[in-house]
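Enquirer:
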Amino acid sequence: MAITGDDVSLDQIVPISQDFTLKEVFPDGELYILGSDVTVQLDTVELSLVFQLPFGSHTRIFLQEVARACPGLDSAPQDPQFLWLSRYRCTEPQLESPTPGAWNSAPGGSNCDNSRPNGKGLLVDPSSRGQDKPENLLTRQTKSKSEITDMVRSSTITVSDKAHILTMQKFGLRDTIVKSHLVQKEEDYTYIQNFRFFVGTYNVNGQSPKEGLRPWLSHGIQAPDVYCVGFQELDLSKEAFFFHDTPKEEEWFKAVSEGLHPDAKYAKVKLIRLVGIMLLLYVKQEHAAYISEVEAETVGTGIMGRMLKIQVAAKTVFEGFTEGELTFQPTYKYDTGSDDWDTSEKCRAPAWCDRILWKGKNITQLSYQSHMALKTSDHKPVSSEFDIGVKVINEELYRKTLEEIVRSLDKMENASIPSVSLSKREFYFQNVKYMQLQVESFKIHNGQVPCQFEFINKPDEESYCKQWLNANPSKGFLLPDSDIEIELELFVNKTTATKLNSGEDKIEDILVLHLDRGKDYFLSVSGNYLPSCFGSPIHTLCYMREPILDLPPEVISELTLMPVQTEDDGSRLETPMDIPKELWMMVDYLYRNAVQQEDLFQQPGLRLEFEHIRDCLDTGMIDNLSASNHSVAEALLLFLESLPEPVICNSAYHNCLESAGNYPASKQVISTLPTFHKNVFNYLMAFLQELLKNSAKNHLDENILASIFGSLLLRNPAGDQKLEMTEKKKAQEFIHQFLCNPL
9 MAITGDDVSL DQIVPISQDF TLKEVFPDGE LYILGSDVTV QLDTVELSLV FQLPFGSHTR
69 IFLQEVARAC PGLDSAPQDP QFLWLSRYRC TEPQLESPTP GAWNSAPGGS NCDNSRPNGK
129 GLLVDPSSRG QDKPENLLTR QTKSKSEITD MVRSSTITVS DKAHILTMQK FGLRDTIVKS
189 HLVQKEEDYT YIQNFRFFVG TYNVNGQSPK EGLRPWLSHG IQAPDVYCVG FQELDLSKEA
249 FFFHDTPKEE EWFKAVSEGL HPDAKYAKVK LIRLVGIMLL LYVKQEHAAY ISEVEAETVG
309 TGIMGRMLKI QVAAKTVFEG FTEGELTFQP TYKYDTGSDD WDTSEKCRAP AWCDRILWKG
369 KNITQLSYQS HMALKTSDHK PVSSEFDIGV KVINEELYRK TLEEIVRSLD KMENASIPSV
429 SLSKREFYFQ NVKYMQLQVE SFKIHNGQVP CQFEFINKPD EESYCKQWLN ANPSKGFLLP
489 DSDIEIELEL FVNKTTATKL NSGEDKIEDI LVLHLDRGKD YFLSVSGNYL PSCFGSPIHT
549 LCYMREPILD LPPEVISELT LMPVQTEDDG SRLETPMDIP KELWMMVDYL YRNAVQQEDL
609 FQQPGLRLEF EHIRDCLDTG MIDNLSASNH SVAEALLLFL ESLPEPVICN SAYHNCLESA
669 GNYPASKQVI STLPTFHKNV FNYLMAFLQE LLKNSAKNHL DENILASIFG SLLLRNPAGD
729 QKLEMTEKKK AQEFIHQFLC NPL
């Protein structure tokens, strides 16, 4: 256990959720599981508790149970994932429900938390769960003690999150500045006052309390201001590991509450348990009104006693911590229920396993001892008393300091408004290509006033920019005389390519950069897009006998906007091709080079090779195509994914699902498709059947190909990014029929 008395001033009360991590490693026959870190603030003092728990053979049994409970990963074929594209794929945002803060309460429906004293010097919590609201700084300490219960509210943030939450909207810029100035002037309105802390640690070896704890917690001492009590090996059962629940928690909580010093009443500040580790913090009732924030945070501390010793010797952990002189006899291992050393076959040597370290300012250790009277465990409990100097706020001086800061801010705000300068306001993206990122950057230099900036929506628009554009970062905070670099990222994908091909959209946009309490700045974005076969409709490509980049823009626009026709009505001068030449180029390449390629369509290609393949298709220079089989296969999948109307038209989607499992009916559905779509479908099925003839070499089978191509050829007309599981299986079953039967 370690105590840290670093000075931190906190004055907001916000709810918290807590989290823990557990790590395991097997050194030579030893295993240590390390627990969590708990931080408590008494106005301006910070107390950190860190627990280490050694485990033996029972932990190995638990780990064997874990291994049996994990049967492995699902072996079903998965859709291919191309990691380099993940940043740019269009996915629906996942909304997360906020976790409401709540009053802490005793676990397991304990009746320990009532609104009255329990006769043992402990006040208990009344009941309700609820959200805290930020309080005005001027009324920081004005709430009466009658409003304070035994439980102290916790925070929604951990220490590492403080910098982040100050940028959130609920913390206004003004509040942030006031807080900063208050911290800088802390010495003007605080003074040091000593408080008595009792720190105790007890390895209970999975036992329930069989005796009173007063000989450990309160015998021969004056009533402490703060109790910090830690337990190890609280519960060694498998259920405690799997279900994070144990009746031992309530038993020991009750035992501690009854063992606190009888000359004072105490409020429970925090109870935290991680499997067999439990931390309990109490303060005197009269101090509860001055505890403004409680935080809990998990810190990865490593494992293995032999290693959490090498690290100590290397001064990489517990650097600067102090331990009092060991004047008491070893605390381990005793025969349970006695003061006799281990008489088992192992006959373990006595050891000081239970220790208390401390670190910080204004800390004086008064005692450090073990307690031989307790015989419940094979360990003896250890305690230490400290006098810790806490920064206490003088309310009158605090109010005067705050008023001076507010007056100064008022004067500054009235005298000036935020103003920035931009290194560039016009941006031109030249020769934008499909799925090829282009980035232009500029700098924002702030003047003498701190400011918040944000790109805002233009009237009647849902976003601050068009879909192919993104500003990174899109909002932020600038200190006086500071700079930040903004990157404008332009990326055209399947969602935006079709309208750029047709001319319905252009690389043109205006961004509005807004300063909070300041003016708006306008940025002009323009460029030219090179049309691509990716994002073009099937029937459009069939009418393009020449490469798309060799055609005039008005011809590309006309062909892209042309409606899907069931049959060629002969109205066009040029006879269309049966299938898009670009599709034929990729399939022909794979047919000649990759029918025996192992893991085809399952291993991602290279981004640069995809860009080369795209350029070869769009310029018609197929003879220059030189890429790996996997890159060409990926390009084929991306081509099918980018079609604005899938190979099996949206109008036939539900008929396909209904006919899955009935091959004649399925063939009938395909026969109703527009001619070009029907040709492409049959062409792809014939190619996939050729791949299956070489399954001994390429390791492909009907299930893999049906899984990959089912979601590409059949898409939900509603535009969902992913099919429902039942629909997905139906789509795979529909494609599976054409892979196993003659076309």
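Counting the sequence shown from 1 gives a position; my numbering is that position plus 8.
Glycine included, every Cβ here is placed at the ideal spot set by N, Cα and C.
#1: With burial defined as no fewer than 16 other Cβ atoms inside 10 Å of the residue's Cβ, what is the status of Asp517: buried or exposed?
#2: Could you tell me which residues DSSP puts in a beta bridge with Val283?
#3: Would you give the residue range spanned by the alpha helix (DSSP H) that Lys451 belongs to?
#4: In angstroms with no decimal places, state the Cα-to-Cα distance between Ile318 and Ile299.
#5: Take Leu699 as the anchor and find which of Thr683, Ala641, Asn724, Gly284 has the nearest alpha-carbon.
#6: Taking the alpha-carbon positions, what's the Thr734 to Ala660 distance?
#7: Run through DSSP, which three-state label would Gln740 get?
#8: Report the option in Asp607, Phe647, Glu512, His662 whose CA atom is closest to the CA atom of Ser636.
#9: Here's a check: name, in chain order, each residue in its chain whose Cβ is nearer than 8 angstroms to the Cβ of Ser674, leaving out the five neighbours to either side.
#10: The alpha helix (DSSP H) with Gly484 in it runs from where to where?
#11: Helix or strand or just coil, what does DSSP make of Ala296?
#12: Provide the residue(s) that pair with Phe437 in DSSP beta bridges, ordered along the chain.
#13: According to the Cβ coordinates, are Leu225 and Val264 closer than 8 angstroms?
#14: My assumption, with CB atoms under 8 angstroms, is that Tyr210 sits in contact with Pro389. Please give the rounded CB distance.
#15: Determine contact between the stretch 420-430 and the stretch 508-525, defined as no fewer than three beta-carbon pairs at a distance below 8 angstroms.
#16: Leaving aside the five residues before and after Phe530 along the sequence, list all residues of the same chain whose C-beta is less than 8 angstroms from its C-beta, in chain order.
#17: Let me check understanding here. Comparing Cα to Cα, which of Tyr199, Phe437, Tyr406, Thr330 lies closest to Ser532?
#18: Of the choices Phe461, Ile556, Phe249, Phe689, whose alpha-carbon is the least far from that of Ile285?
#19: Could you spell out where the alpha helix (DSSP H) holding Ala641 opens and where it closes?
#20: What is the DSSP secondary structure of Asn480, reduced to helix, strand or coil?
#21: Counting only the same chain and skipping the five closest in sequence on each side, list residues whose C-beta sits under 7 angstroms from that of Ser392.
#22: With DSSP collapsed to three states, give me the class of Glu393.
#23: Looking at chain C, is there any beta carbon in it that lies within less than 8 angstroms of the beta carbon of Val655?
#24: Between the alpha carbons of Glu305 and Leu282, how many angstroms are there, rounded?
#25: Report the rounded CA-to-CA distance for Ser471 versus Leu477, giving the unit in angstroms.
#26: At the level of alpha carbons, what is the spacing between Glu403 and Leu417?
#27: Is there contact between the stretch 698-718 and the stretch 595-606, where contact requires at least three CB pairs shorter than 8 angstroms?
#28: Between which two residues does the beta strand (DSSP E) carrying Gln201 extend?
#29: If you reduce the DSSP assignment to three classes, tell me which class Tyr661 lands in.
#30: On the three-state DSSP scale, how would you describe Thr254?
#31: Taking only three categories from DSSP, how would you classify Ser339?
#32: Tell me which same chain residues have a C-beta within less than 6 angstroms of the C-beta of Gly628, skipping the five on either side of it?
#33: Spell out the partners DSSP gives Ala516 in its beta bridges.
#34: When the Cα atoms are used, what is the spatial distance from Cys361 to Asp347?
#35: In or out: Thr198 buried (at least 16 other Cβ within 10 Å) or exposed?
#36: Since I believe Gln475 is in contact with Thr503 (beta carbons under 8 angstroms), could you give me their beta-carbon distance rounded to a whole number of angstroms?
Expert: Short version:
#1: buried
#2: Its beta-bridge partners do not exist; DSSP assigns none.
#3: Unbroken run through Lys451 is the beta strand (DSSP E), 446-454; no alpha helix (DSSP H).
#4: 38 angstroms
#5: Ala641
#6: 17 angstroms
#7: helix
#8: Asp607
#9: Cys664, Ser667, Ala668, Phe742, Gln745, Phe746
#10: Per DSSP, Gly484 belongs to no alpha helix (DSSP H); it is in the beta strand (DSSP E), 483-486.
#11: helix
#12: Gly535
#13: yes
#14: 4 angstroms
#15: yes
#16: Arg433, Ile518, Leu519, Val520, Leu521
#17: Phe437
#18: Phe249
#19: 637-650
#20: strand
#21: Val207, Gly332, Ile364, Gln373, Ser375, Tyr376
#22: strand
#23: In the structure shown, chain C does not exist; there is a single protein chain.
#24: 12 angstroms
#25: 10 angstroms
#26: 21 angstroms
#27: yes
#28: 198-211
#29: helix
#30: coil
#31: Here residue 339 is Thr; the residue named in the question, Ser, does not match the sequence. Residue state, collapsed to three classes: coil.
#32: Pro555
#33: According to the sequence displayed, residue 516 carries Glu and not Ala. In the DSSP output, where bridge partners are listed per residue, Glu516 has Ser534.
#34: 16 angstroms
#35: buried
#36: 6 angstroms
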